[in-house]
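Participant: Residue numbers (my numbering): 1 to 204. Backbone N, C-alpha and C define an ideal beta-carbon position, used for all residues, glycine too. Note that the structure is predicted; figures quoted are calculated from it, not measured. Once you've had a glance at the structure underneath, I'll fire off some questions.
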């Protein structure tokens, strides 16, 4: 029988604990809205201590950001596969079509749309999108290689604002839909919003 090294077991346990905390954040956010979730709630759901939570995350927003990071990273990877030359918004639209937003980014949304529409819930969602915006701005700055830093920053801000605006509309429009239909609706609305931005919001 092969004995697993102690270091390997420790890393495996750490990974399991981190995943349990991320799962707890997602479940609780879905049940009541992220602004109504406490560290104690997360620790209890994950079966760990409050101190253990802070061994992994600085706060709830950091945990939510990590829980939603993978789908955003996949979208950015698809963007980076697009040709460098040309309109960056067109490349982002192509990336959304190649790597649509999935349940991993949308599944933590509260089941009751009203939970995210009150002032505290809205602020919590804005902070989440701000976290992703800062990261995206860095990726775009490197990709665009532009002397004007405002180009990457304003593009990132535009994209994340469109995400947040589409998300708020989608929460209401997708009520009662299956998960698959709801995700498809989000991607269709996001693509439409990005197309509007690319056209300068002009009508044909």
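Which residue comes first and which comes last in the alpha helix (DSSP H) that contains residue 169?
Facilitator: The sequence position of residue 169 within the chain shown is 169, counting from 1. Counting along the chain, the alpha helix (DSSP H) containing residue 169 begins and ends at 149–173.
Participant: For the segment 85–94 and the segment 47–56, state whether three or more C-beta atom pairs, one from each stretch, are separated by less than 8 Å.
Facilitator: No: fewer than three Cβ pairs fall under 8 Å.
Participant: Determine the closest residue to residue 165 out of 186, 150, 33, 83, with distance taken between C-alpha atoms.
Facilitator: Indexing the chain shown from 1 puts residue 165 at position 165. The candidate whose alpha carbon is nearest that of residue 165 is 186.
Participant: I'd like the ranges of any alpha helix (DSSP H) spanning at least 4 consecutive residues and lying wholly in the segment 51–108.
Facilitator: Here the runs fully enclosed are 60–67, 69–80, 88–98, 103–106.
Participant: Please return the same chain residues whose Cβ sits closer than 6 Å to the Cβ of residue 22, not counting the five positions on each side in sequence.
Facilitator: Locating residue 22 in the chain shown gives position 22, counting from the first residue. These residues qualify, in order along the chain: 67.
Participant: Just the Cα atoms here: how many angstroms apart are residue 210 and residue 84?
Facilitator: Given that the chain is displayed from residue 1 to residue 204, the structure contains no residue 210 and the question cannot be resolved.
Participant: Within its chain, find whatever has a CB closer than 6 Å to the CB of residue 20; leave out the 5 residues flanking it on each side and keep chain order.
Facilitator: Locating residue 20 in the chain shown gives position 20, where the first residue counts as 1. Once the five neighbours on either side are set aside, the close Cβ partners of residue 20 are 46.
Participant: For the putative contact between residue 131 and residue 77, defined by C-beta atoms under 8 Å, what is the C-beta separation to the nearest angstrom?
Facilitator: As a working note, residue 131 is residue 131 in the chain shown. As a working note, residue 77 is residue 77 in the chain shown. Not really, about 18 Å apart at Cβ, beyond 8 Å.
Participant: Following the continuous alpha helix (DSSP H) through residue 34, name the residue where it begins and the one where it ends.
Facilitator: Taking the first residue of the chain shown as 1, we reach residue 34 at position 34. Where residue 34 is concerned, there is no enclosing alpha helix (DSSP H), given that its DSSP letter is neither H nor E.
Participant: Could you check if residue 173 belongs to the surroundings of the ligand PLP, using beta carbon to heavy atom distance under 7 Å?
Facilitator: Judged by which ligands are present, the structure shown has none, so any question about the ligand PLP falls away.
Participant: For my contact list, residue 25 and residue 42 are in at a C-beta cut-off of 8 Å; report their separation, rounded to the angstrom.
Facilitator: Walking along the chain shown from the start, residue 25 turns up at place 25. Walking along the chain shown from the start, residue 42 turns up at place 42. Rounded, the Cβ-Cβ distance is 6 Å, consistent with contact.
Participant: Are the Cβ atoms of residue 155 and residue 101 separated by less than 8 Å?
Facilitator: Position 155 of the chain shown holds residue 155. Position 101 of the chain shown holds residue 101. Going by C-beta atoms, residue 155 is not nearer than 8 Å to residue 101.
Participant: Using only the alpha-carbon positions, how far apart do residue 162 and residue 137 sit?
Facilitator: Along the chain shown, one-based indexing puts residue 162 at 162. Along the chain shown, one-based indexing puts residue 137 at 137. If you take the alpha carbons of residue 162 and residue 137, they lie about 15 Å apart.
Participant: Please report how far the alpha carbon of residue 58 lies from the alpha carbon of residue 103, in whole angstroms.
Facilitator: In the chain shown, residue 58 corresponds to position 58, counting from 1. In the chain shown, residue 103 corresponds to position 103, counting from 1. About 25 Å.
Participant: Within the same chain, show all residues whose beta-carbon is closer than 7 Å to that of residue 129, passing over the 5 residues directly before and after it, in chain order.
Facilitator: By 1-based counting over the chain shown, the position of residue 129 is 129. Taken in chain order, the residues that qualify are 160, 163, 164.
Participant: Give me the Cα-Cα distance between residue 30 and residue 48, rounded to the nearest whole angstrom.
Facilitator: Residue numbering aside, residue 30 sits at position 30 when the chain shown is read from its first letter. Residue numbering aside, residue 48 sits at position 48 when the chain shown is read from its first letter. C-alpha separation (whole angstroms): 20 Å.
Participant: Which value, in whole angstroms, describes the spacing of the CA atoms of residue 40 and residue 16?
Facilitator: Taking the chain shown and counting its residues from 1, the one referred to as residue 40 is at position 40. Taking the chain shown and counting its residues from 1, the one referred to as residue 16 is at position 16. Residue 40 and residue 16: Cα-Cα distance of roughly 19 Å.
Participant: How many Å lie between residue 169 and residue 10 at the Cα?
Facilitator: Residue 169 sits at position 169 when you count from the first residue of the chain shown. Residue 10 sits at position 10 when you count from the first residue of the chain shown. Cα to Cα, the separation comes out at about 44 Å.
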